[in-house]
Amino acid sequence: MRRMLTGLILAMAMTGTNGNASHAETRITGSLEVAADVPLEQTEGLETEYGTITTSEGLRLRSIVTRPEGTRGRLPAIFLTQWVSCDSIVFPEGRDTQLRLLAQQSGMAMVRIERAGTGDSEGPGCDKLDYDTEVRHYREALVQAKQHPWVDPQRVVILGSSLGSTTAPLVAQNNNVAGVIVQGGGAVTYLERMIHFERLYVERSGAVKPEDIHTEMVQRIAFLQHYLIGQKAPDKVASDHPELAGVWQKIRGTDPENHYGRPFAWHWQAADKNFLAAWLSLDVPVMVVFGEYEQFESRHGHRMIVDMINRKTPGAAQWLEIAQADHGLTLYPDAYSAYAYENGATAHQLYVAPVSKWLRHVTGLAE
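In case it helps, this note's numbering puts the sequence shown at residues 2 to 368.
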């Protein structure tokens with residue numbers, strides 16, 4: 002059962018991720034339905050508003066905006082561009098995350114958008130959403146988010162998480178942002194990115210014998226070239242190149258209909274993007290965060306953003322590398338443990354504290 006909410010509804014509840022009792026206010030505005038079987042997000046110390054943004058094709062997407070309790074007027078804001086998997090951006094119940102802590106500790110508003118077909122958002126489904134449409138939805142959402150009464154339109158920083166690190170500079174272009182921060186994604190070509198995914202997989206997963214890595218990589222590189230640059234469906238690659246039959250099934254994150262849960266066209270469009278050119282078109286402060294034991298992305302891809310921007314505008318880009326951290330910034334004893342997700346430990350403040358400090362600095366928010 003779903004309920005239709007029109008106008009303004011206030012939900013007051015006892016909550017707090019650390020177990021302390023605190024009243025957190027959650028507002029729901031607009032006419033977009035909210036799932037009755039999903040608890041409304043509530044976070045200690047934050048006011049939360051469920052709203053709606055409307056895309057140019059008329060889809061209503063769920064927005065979730067937070068601000069520190071008791072604040073008034075317009076605040077600098079963080080605008081999130083999301084990772085590849087089709088997860089909801091609603092904060093989980095009773096558990097701290099880096100984003101939740103950043104919303105609590107930065108002193109800023111935070112804007113999150115549920116992608117088409119995810120959560121309450123209308124649309125054909127995130128698993129059918131192509132890359133260009135996703136970027137366009139974010140760009141349109143950013144324009145509308147700047148009109149929110151909690152948001153200072155001159156002080157919005159885009160935060161790209163994981164795959165969102167590739168969409169972040171594209172969303173920022175010609176959109177008057179105050180800065181861009183990314184974590185878990187670099188600026189190499191998408192083809193290089195996916196080759197690196199496979200390189201780490203064959204080296205660290207244990208699925209490939211070391212003496213077979215050379216042959217495996219040669220095959221995977223050839224397949225990815227035809228698939229991503231040639232824009233051929235995987236079965237077409239296999240039929241046109243019989244020597245590559247069976248390679249698709251060995252590539253990480255694949256199934257017959259999609260790749261990492263997204264349609265083939267999504268990856269083809271991503272492979273066509275010049276991410277470095279997008280970064281160099283910006284004239285705003287940039288911060289890049291990298292975990293030493295990344296399971297997917299390369300250090301070089303991350304570092305290239307900082308180095309290229311600083312060659313153009315010295316001091317414009319800042320680097321933060323977190324020792325022993327993986328793609329999600331969980332800490333592990335070594336790279337192989339990280340790849341297996343074994344013996345990890347959380348250390349959120351290694352990310353939240355320096356990022357909050359940088360955000361306050363670039364937006365002029367008083368300490």
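Virtual Cβ for every residue (Gly too), placed ideally from N, Cα, C.
Model, not experiment: these values are computed from the prediction.
Checklist entry - Given a threshold of 16 other Cβ atoms within 10 Å of its Cβ, counted over all protein chains shown, does Val289 qualify as buried or as exposed? => result buried
Checklist entry - Considering Asp153, what are the terminal residues of the beta strand (DSSP E) in which it resides? => result Val152 to Ser162
Checklist entry - Expressed to the nearest angstrom, what Euclidean distance is found between the alpha-carbon atoms of Arg68 and Arg75? => result 10 Å
Next on the checklist: Whole angstroms are fine: how far does the CA of Thr364 sit from the CA of Val369?
Outcome noted: Residue 369 is absent from the structure shown; the chain starts at 2 and stops at 368.
Checklist entry - Is Thr134 helix, strand or coil by DSSP? => result helix
Checklist entry - Going along the chain, which unbroken runs of the alpha helix (DSSP H) with 4 or more residues stay wholly within the region 203-274? => result 214-225, 235-241, 248-251 and 265-272
Checklist entry - How many angstroms separate the CA atom of Val238 from the CA atom of Ala223? => result 10 Å
Item to check | Where Gln325 falls: helix, strand or coil (DSSP) | outcome: coil
Checklist entry - Per DSSP, Pro69 forms a beta bridge with which residues? => result Leu47
Next on the checklist: Check this for me: beta carbons of Gly292 and Glu322, under 9 Å apart or not?
Outcome noted: yes
Item to check | Residues bridged to Thr82 [DSSP beta-bridge criterion] | outcome: Gly161
Checklist entry - Are the Cβ atoms of Leu143 and Val85 separated by less than 9 Å? => result no
Checklist entry - Quick one: any contact between the region 348-355 and the region 52-71, if contact means 3 or more CB pairs under 8 Å? => result no
Checklist entry - Nearest-angstrom Cα distance between His24 and Gln296? => result Low per-residue confidence applies at His24: pLDDT is 49, beneath 50, and the placement is therefore not dependable, though the value from the model is reported in the following sentence. When rounded, the distance between both Cα atoms is 39 Å.
Checklist entry - Val158 and Ala78: beta carbons closer than 9 Å? => result yes
Next on the checklist: Does His215 pass the burial test, meaning 16 or more other C-beta atoms within 10 Å, or should it be called exposed?
Outcome noted: exposed
Next on the checklist: Tell me the rounded alpha-carbon separation between Gln36 and Thr119.
Outcome noted: Reading off the sequence shown, one finds Ala at residue 36, where the question assumed Gln. Their backbone Cα atoms lie some 11 Å apart in a straight line.
Checklist entry - Do you know offhand how far His268's Cα is from Ala179's? => result 29 Å
Next on the checklist: Please classify Gly187 as buried or exposed, where buried requires at least 16 other C-beta atoms within 10 Å of its C-beta.
Outcome noted: buried
Checklist entry - For the candidate residues Ile114, Ala318, His260 and Gly329, whose alpha-carbon lies nearest to that of Trp359? => result Ala318
Next on the checklist: For Met130 and Arg116, which I take to be in contact (beta-carbon distance under 8 Å), what is that distance rounded to the nearest angstrom?
Outcome noted: Looking at the sequence provided, one finds Leu at residue 130 rather than Met. Sure, about 6 Å apart at Cβ, within 8 Å.
Checklist entry - Candidates Ile29, His242, Met195 and Val183: which alpha carbon is nearest Pro286's? => result Val183
Item to check | Straight-line gap, Ala336 to Leu81 (C-alpha atoms, nearest Å) | outcome: 28 Å
Next on the checklist: Here's the rule: buried if 16 or more other CB atoms are within 10 angstroms of the residue's CB, otherwise exposed. What is Pro235?
Outcome noted: buried
Checklist entry - CB-CB under 6 Å to Tyr191, same chain, minus the five flanking residues each way: which ones, in chain order? => result Ala271 and Ala272
Checklist entry - Using a Cβ-Cβ cut-off of 7 Å (strictly less than) and excluding sequence neighbours within five positions of Ala339, which residues of its own chain qualify? => result Tyr294, Gln296, Asp327 and Tyr333
Item to check | Through-space distance from Ile114 to Arg253, alpha-carbon basis | outcome: 28 Å
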